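Only one structure is covered here, and it is reproduced in the block below.
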Amino acid sequence: ETGVTQTPRHLVMGMTNKKSLKCEQHLGHNAMYWYKQSAKKPLELMFVYSLEERVENNSVPSRFSPECPNSSHLFLHLHTLQPEDSALYLCASSQERTARTGNTIYFGEGSWLTVV
Amino acid sequence: QKEVEQNSGPLSVPEGAIASLNCTYSDRGSQSFFWYRQYSGKSPELIMFIYSNGDKEDGRFTAQLNKASQYVSLLIRDSQPSDSATYLCAVGGGSNYKLTFGKGTLLTVNP
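Here the protein sequences come in this chain order: X and B.
If you count by the working numbering, then the first sequence holds residues 549 to 664, one letter each, in order.
If you count by the working numbering, then the second sequence holds residues 35 to 145, one letter each, in order.
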């Protein structure tokens, strides 16, 4: 138990569906992240929120839409996805958004997404 | 393009041996260095971080950092089959606050 909870753990969706991934952190952190992990690729940072403000958007297609209603919750809304979007989506949090000394990122268990 | 390079492996060692995992990075201004362990089908979990040149020990794990050579390593002493996992190197700070991950090294410890 890392203090970062993701639901659902597994999701299968069609290309025309709309679904959402949910993340909640119980660590009192101020920054939250969405990462994508595909086979044979490094972890890809998708979005960063700091104090509920989006501070990073790494050229992610608009079919992925993040939402951060407060510092403890983060959503990733999914619509009209493609099969190549199938991957492990990881939510993470840290005390602050800078990767300076002392600021450690903690990951949730991840949501396995399959697009059919 | 800031990069973190790791040998993808697989690295195979016998039980009880020392496993040595290596990582190089391109951003000379990097300040923070992390090792994460990821079991198959699971999320990454932090096992070590290091910020200063030299060695840092935690139980069976030793992280080594050489900023001049832009090199960070992880040694696992008395390797156990339960250490079999992918080890991710992550580097942060410097000119970019983001954490950059390597592709990971798959370690297999054989009983």
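Ideal Cβ placement from N, Cα and C applies to all residues, glycine included.
Fair warning: this is a prediction, and the values are worked out from it, not measured in the lab.
Short Cβ contact (7 Å threshold) for residue i with residue j
i         : j         : result
X/Ser-629 : X/Leu-569 : A small fix is needed here, since residue 629 of chain X is Leu in this sequence, not Ser. Their beta carbons are not under 7 Å apart, which means X/Leu-629 does not touch X/Leu-569 by this criterion.
X/Gln-554 : X/Ala-635 : no
B/Leu-109 : B/Thr-96  : yes
B/Pro-78  : X/Phe-655 : yes
B/Leu-141 : B/Leu-45  : yes
B/Ile-84  : B/Lys-90  : yes
B/Phe-67  : B/Val-38  : no
X/Tyr-637 : X/Leu-599 : no
X/Met-594 : X/Asn-606 : yes
X/Glu-657 : X/His-621 : no
Within chain B, the residues that residue i reaches when beta carbons sit closer than 9 Å
i         : result
X/Lys-589 : Lys-137
X/Leu-593 : Lys-132, Leu-133, Thr-134 and Phe-135
Residue-level contact to chain X via CB, residue i, 7 Å cutoff
i         : result
B/Leu-140 : no
B/Ser-129 : Unreliable placement is indicated for B/Ser-129, whose pLDDT of 45 sits below 50; the coordinate value is still reported in the next sentence. No, B/Ser-129 does not count as interfacial toward chain X.
B/Pro-78  : yes
Cutoff 7 Å: residue i Cβ touching any chain B Cβ
i         : result
X/Glu-600 : no
X/Thr-564 : no
X/Cys-616 : no
X/Thr-652 : yes
X/Glu-644 : no
X/Glu-572 : no
X/Leu-638 : yes
X/Phe-623 : no
X/Phe-612 : no
X/Phe-655 : yes
Cross-chain neighbours of residue i in chain B, by beta carbon under 7 Å
i         : result
X/Gly-658 : Ser-77
Contact list for residue i against chain X, beta-carbon separation under 9 Å
i        : result
B/Lys-90 : Under the 9 Å cutoff, chain X gives no residues; its nearest Cβ is about 12 Å from B/Lys-90.
Closest Cα partner of residue i within the set the options
i         : options                                       : result
B/Gly-136 : X/Tyr-637, X/Glu-592 and X/Arg-557            : X/Glu-592
X/Thr-564 : X/His-558, X/Pro-617, X/His-577 and X/Pro-631 : X/Pro-631
X/Leu-575 : X/Thr-550, X/Pro-617 and X/Glu-604            : X/Thr-550
X/Lys-665 : B/Asn-41, B/Leu-133 and B/Ser-64              : Only positions 549 to 664 of chain X appear in this structure, which leaves residue 665 of chain X out of reach.
X/Lys-566 : X/Pro-617, X/His-627 and X/Val-664            : X/His-627
X/Ser-619 : X/Tyr-597, X/Val-608, X/Asp-633 and X/Trp-582 : X/Tyr-597
X/Pro-609 : X/Asp-633, X/Glu-657 and X/Glu-644            : X/Asp-633
X/Ala-640 : X/Leu-559, X/Met-580, X/Ser-659 and X/Val-664 : X/Met-580
Listed by chain order, chain B residues near residue i by CB distance under 8 Å
i         : result
X/Leu-575 : Within chain B, no residue comes near X/Leu-575; the closest Cβ sits about 13 Å away, beyond 8 Å.
Any chain C beta carbon closer than 7 Å to residue i
i         : result
X/Thr-555 : Judged by its chain identifiers, the structure shown contains no chain C, and its protein chains are X and B.
**beta strand (DSSP E) runs contained entirely in the segment 569-601 of chain X, provided each spans 3 or more residues** = 579-585 and 592-598
**Message:** Which runs of the beta strand (DSSP E) at least 3 residues long sit entirely within the segment 64-138 of chain B? Give them in chain order.
**Reply:** 66-72, 79-84, 88-92, 95-100, 105-110 and 119-126
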